[in-house]
Amino acid sequence: MKAVCWMGTEKMTVENVPDPKILNPRDAIVRITSTCICGSDLHLYNGLMPTMEQGDIMGHEFMGEVVEIGAGVDREKLKVGDRVVVPFTIACGRCFFCQQQLWSCCDNSNPNYWIAEKLMGYSPSGLFGYTHMLGGYAGGQAQYARVPFADVGPLRIPAGIPDEQVVFLSDIFPTGYMGAENCNIKPGDTVAIWGCGPVGQFAIRSAFLLGAERVIAIDRFAYRLQMAEQAGAEIINYEEVDDVVQLLKDMTGNIGPDACMDAVGMEAHYSGPMWAIDKTKQVLKMQPDRPGVLRQAIMACRKGGTVSVPGVYGGFIDKMPMGAYVNKGLTMKTGQTHMMRYMKPLLELIQGGKIDPSFVVSHRVPIDKAPEMYKVFRDKKDHCSKVVLDPWANGAAA
Amino acid sequence: MSEAARIHLRNAKGRHYRAAAAFRWGALITGGALALIGLSKRSKSGVAIATAGGLLSYAGAKAGTRQRELIARSSILLNCTPEEAYTFWSKFENLPLFMRHLESVTLLSDTRSRWTAIGPLGRRVIWDAEIAFDRKDDVIAWRSLPDSEIYVDGIVKFRNAPANRGTIISVVVVYQPPAGAIGGALAKILGKDPSFMMRQDLRRLKALIETGEIPTVEGQSHGPRSSVAAFARILNPDDPIKGEGNLTDIANARRRAS
Chain E
67 MKAVCWMGTE
77 KMTVENVPDP
87 KILNPRDAIV
97 RITSTCICGS
107 DLHLYNGLMP
117 TMEQGDIMGH
127 EFMGEVVEIG
137 AGVDREKLKV
147 GDRVVVPFTI
157 ACGRCFFCQQ
167 QLWSCCDNSN
177 PNYWIAEKLM
187 GYSPSGLFGY
197 THMLGGYAGG
207 QAQYARVPFA
217 DVGPLRIPAG
227 IPDEQVVFLS
237 DIFPTGYMGA
247 ENCNIKPGDT
257 VAIWGCGPVG
267 QFAIRSAFLL
277 GAERVIAIDR
287 FAYRLQMAEQ
297 AGAEIINYEE
307 VDDVVQLLKD
317 MTGNIGPDAC
327 MDAVGMEAHY
337 SGPMWAIDKT
347 KQVLKMQPDR
357 PGVLRQAIMA
367 CRKGGTVSVP
377 GVYGGFIDKM
387 PMGAYVNKGL
397 TMKTGQTHMM
407 RYMKPLLELI
417 QGGKIDPSFV
427 VSHRVPIDKA
437 PEMYKVFRDK
447 KDHCSKVVLD
457 PWANGAAA
Chain R
42 MSEAARIHLR
52 NAKGRHYRAA
62 AAFRWGALIT
72 GGALALIGLS
82 KRSKSGVAIA
92 TAGGLLSYAG
102 AKAGTRQREL
112 IARSSILLNC
122 TPEEAYTFWS
132 KFENLPLFMR
142 HLESVTLLSD
152 TRSRWTAIGP
162 LGRRVIWDAE
172 IAFDRKDDVI
182 AWRSLPDSEI
192 YVDGIVKFRN
202 APANRGTIIS
212 VVVVYQPPAG
222 AIGGALAKIL
232 GKDPSFMMRQ
242 DLRRLKALIE
252 TGEIPTVEGQ
262 SHGPRSSVAA
272 FARILNPDDP
282 IKGEGNLTDI
292 ANARRRAS
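As they're listed, the protein sequences go chains E and R. Going by our numbering, the letters in the first sequence line up with residues 67 to 464, in that order. Going by our numbering, the letters in the second sequence line up with residues 42 to 299, in that order.
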């Protein structure tokens, strides 16, 4: 089958690899009909997440049809022929954490638990196509994928809804939604959201759905800010203002947003001496993460407010404004998305016409174009907001 | 003196290997751990284990220096009852399902079993063991037979976790390898950190009991690997080299690279 492989920093290729096999009793094989490039894949493209290995198959946002299931899969929950969206987190459904609905903290799905344990004390769940530290599972930017614990994660999708409306249930819609839920929104709240990529876009819309009165969206790309504006957000282009934190204070009567969300993560852009220091440290591998947005979010948040972090961080950060965090009595909520909590309710929102996630798609291309699309997406060229890959289209003809 | 205490005293006293300070600390620590496990039990068997632990600590402290020991110690929370965990563990044939260094355990009688560990290049270490102490749903202790080439004592304890979260099992296994080839092979099999290997084994046990399978990515599809990655895999502390499988991987990767 065709698969997008990570062959080194900024080096993706489409390779012909063997079709996946069932390896464990609760596995299923899915024939993929739609798959996407996620913003978090760009951290891998840029070579910033440790424990990638040459030849790893990329991708964690995919859907398709079940073509084979293992002997241990609960037939009531999944059978051959089902059309499913596969969540990017892998969860066993039986451990303490799964039973607490903390699906992305599953204790049993990461075969390389010990690597993550060294870095984080304990390991979160395994993920598709996202470093060996987080499981080393082959990803879904391919024609087929093996899905472990297939009777827990995959969500059955009724016929009649196009792929484009539901494929984002695999990651970014639930991730944006959980980011908004983590803002602890009360009716009338003001929420500031850094980052208007796909997760930020879903977070903006989710914040309004959860009762926020004002959402202030921060980015530097006009086309992304435009999308935010269309959803009803007020916008700040941070390259056009001197001081984002001061502006947020001015916009809120010097009280600050009730919640601040970092939907950017480890590769934030900002200015000033801290930018130079963080960038240098990152290049020298002294600090995997550039935490400029997180610092701003903590500084801007009102006293007693909430900082929500759906953005991805990989390791350690310097100059964390802990004094501000403590003395203002802030709460921080984070985590990889507990996918199985959100997929079904959000599917119902889509079916009820409350939201159509396909607004975020900017590019639809055959899988053979994936390597160049990584670059386009990374460099924000061609108004790129979301790339959907068709694993079966003929690349040469497109 | 209880049976459990005798095992440990035998091991503590009965041999005259080259001096190694590690033994003393090993015995002190293991003995201390056993004593704690025993004391937490508040019953006759608990007293026996605590006594054994205390005696081992004492022997360790008194012996001064002796043969080095390899000690593997870990614990894990299982989402099941102590009965289920005990039932699974008490069938020693199950242990190789999650203990990677074991190739097989076969029963010779109700209380005796033959254990085979496998190491680099398929080198095997074999010993016979007997059950030293067994209390249903609570504790199992085993030891190698007196004429074995190596000495292995193990104890596993099952207790209810707070808040109905299942069962916490605690395991201590003490290996006393002899000098020479067999001892060297055993040391290689157990690696630099036997407790790390035990932790990994218990994690596999947890997955097996809770989900019915052990998570894996072995055998999945991937693009061309580099020889660097193959070397990295051979250094993976969780995946000791068995047979010649990994060496073939490396040879293939090298061929591709050249």
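Beta carbons: idealized from backbone N, C-alpha and C, even for Gly. Since this is a predicted model, take the numbers as computed values, not measurements.
Check: Could you confirm whether any beta carbon from chain E is found closer than 8 Å to the beta carbon of Gly-128(R)?; Outcome: The residue asked about is misnamed: residue 128(R) is Thr in this sequence, not Gly. So no, Thr-128(R) is outside the interface.
Check: Between which two residues does the alpha helix (DSSP H) holding Arg-280(E) run?; Outcome: Unbroken run through Arg-280(E) is the beta strand (DSSP E), 280–285; no alpha helix (DSSP H).
Check: Could you spell out where the alpha helix (DSSP H) holding Pro-339(E) opens and where it closes?; Outcome: 339–349
Check: So, is the C-beta of Met-340(E) closer than 8 Å to a C-beta in chain R?; Outcome: no
Check: Measure the C-alpha to C-alpha separation of Ala-258(E) and Ser-451(E) and round it to an integer number of angstroms.; Outcome: 20 Å
Check: Does Val-258(R) come within less than 8 Å of chain E when only Cβ atoms are used?; Outcome: yes
Check: Within 8 Å (strictly less), CB to CB, does Cys-71(E) reach chain R?; Outcome: yes
Check: Per DSSP, Tyr-203(E) is paired with what?; Outcome: Phe-194(E)
Check: Where does Thr-106(R) fall in DSSP's three states?; Outcome: Reliability of the predicted coordinates at Thr-106(R) is poor, the pLDDT of 39 falling under 50, and no value is obtained from them.
Check: Compile a chain-ordered list of the residues in the segment 221–254 of chain R whose CB is closer than 8 Å to at least one CB of chain E.; Outcome: Phe-237, Arg-240, Gln-241, Arg-244, Lys-247, Ala-248, Glu-251, Thr-252, Gly-253, Glu-254
Check: Assign Trp-72(E) to buried or exposed, taking buried as 16 or more other Cβ atoms, counted over all protein chains shown, within 10 Å of its Cβ.; Outcome: buried
Check: Just list the beta strand (DSSP E) runs in the segment 152–190 of chain R, keeping only unbroken ones of 3 residues or longer that don't cross its boundaries, in chain order.; Outcome: 153–159, 165–176, 180–185
Check: Can you tell which of Gly-338(E), Phe-268(E), Ile-238(E) has the C-alpha that lies nearest to the C-alpha of Ala-283(E)?; Outcome: Phe-268(E)
Check: Kindly indicate which residue of Tyr-179(E), Gln-207(E), Arg-212(E), Gly-206(E) has the alpha-carbon position closest to the one of His-198(E).; Outcome: Tyr-179(E)
Check: Count the other CB atoms within 10 Å of the CB of Pro-278(R); is the residue buried (16 or more) or exposed (fewer)?; Outcome: exposed
Check: Taking Cβ positions, are Gly-254(E) and Asp-285(E) nearer each other than 8 Å?; Outcome: no
Check: So which residues on chain R does Lys-184(E) lean against when the C-beta distance must stay under 7 Å?; Outcome: Those within 7 Å of Lys-184(E) in chain R number zero; the least Cβ separation is about 10 Å.
Check: Taking the alpha carbon of Met-398(E) as the point to measure from, which residue in Leu-415(E), Gly-245(E), Asp-308(E) has its own alpha carbon closest?; Outcome: Gly-245(E)
Check: If we cut at 8 Å on Cβ distances, does Gln-120(E) have a partner in chain R?; Outcome: yes
Check: For Glu-279(E), I'd like the list of residues in its chain whose CB is within less than 6 Å of its CB, leaving aside the five on either flank, ordered along the chain.; Outcome: Gly-254
Check: Following the continuous beta strand (DSSP E) through Ser-116(R), name the residue where it begins and the one where it ends.; Outcome: 111–119
Check: Using CA coordinates, which residue listed in Val-232(E), Tyr-336(E), Ile-251(E) is at the minimum distance from Gly-130(E)?; Outcome: Val-232(E)
Check: Taking one C-beta from the segment 232–242 of chain E and one from the segment 142–156 of chain E each time, how about it: are there three or more such pairs within less than 8 Å?; Outcome: yes
Check: Please list, in chain order, all residues of the same chain as Asp-148(E) whose beta carbon is under 8 Å from its beta carbon, the five residues on each side excluded.; Outcome: Glu-131, Val-132, Pro-220, Arg-222
Check: Under the assumption that Pro-411(E) contacts Gly-380(E) (Cβ atoms under 8 Å), give the Cβ distance between them as a whole number of angstroms.; Outcome: About 30 Å; that fails the 8 Å criterion.
Check: Where does Gln-241(R) land, buried or exposed, given buried means 16+ other C-beta within 10 angstroms?; Outcome: buried
Check: Examine chain E for any beta-carbon lying closer than 8 Å to the beta-carbon of Arg-114(R), and answer yes or no.; Outcome: no
Check: With a cut-off of 8 Å, does the C-beta of Asn-205(R) fall near any C-beta of chain E?; Outcome: no
Check: Please go through the same chain and pick out, in chain order, the residues whose beta-carbon is closer than 6 Å to the beta-carbon of Lys-68(E), but skip the five residues on each side of it.; Outcome: Val-80, Gln-209, Ile-433
Check: Would you check if the segment 181–197 of chain E and the segment 112–120 of chain E touch, i.e. whether three or more CB-CB distances between them fall below 8 Å?; Outcome: yes
Check: So with Cβ pairs under 8 Å, would you call Ala-366(E) a contact of chain R?; Outcome: no
Check: Okay, do the segment 146–157 of chain R and the segment 244–252 of chain R touch, 3+ Cβ pairs below 8 Å being the bar?; Outcome: no
Check: With H, G and I counted as helix, E and B as strand and the rest as coil, what does DSSP make of Leu-455(E)?; Outcome: strand
Check: For the segment 318–325 of chain E against the segment 370–379 of chain E, do three or more pairs of beta-carbon atoms, one drawn from each stretch, fall closer than 8 Å, so that the two count as touching?; Outcome: yes
Check: Rank Met-327(E), Ala-342(E), Ala-204(E) by C-alpha distance to the C-alpha of Gln-362(E) and give the top, closest one.; Outcome: Met-327(E)
Check: What does Arg-141(R) reach in chain E if we use C-beta pairs closer than 7 Å?; Outcome: The contacting residues do not exist; Arg-141(R) stays about 12 Å from chain E at best.
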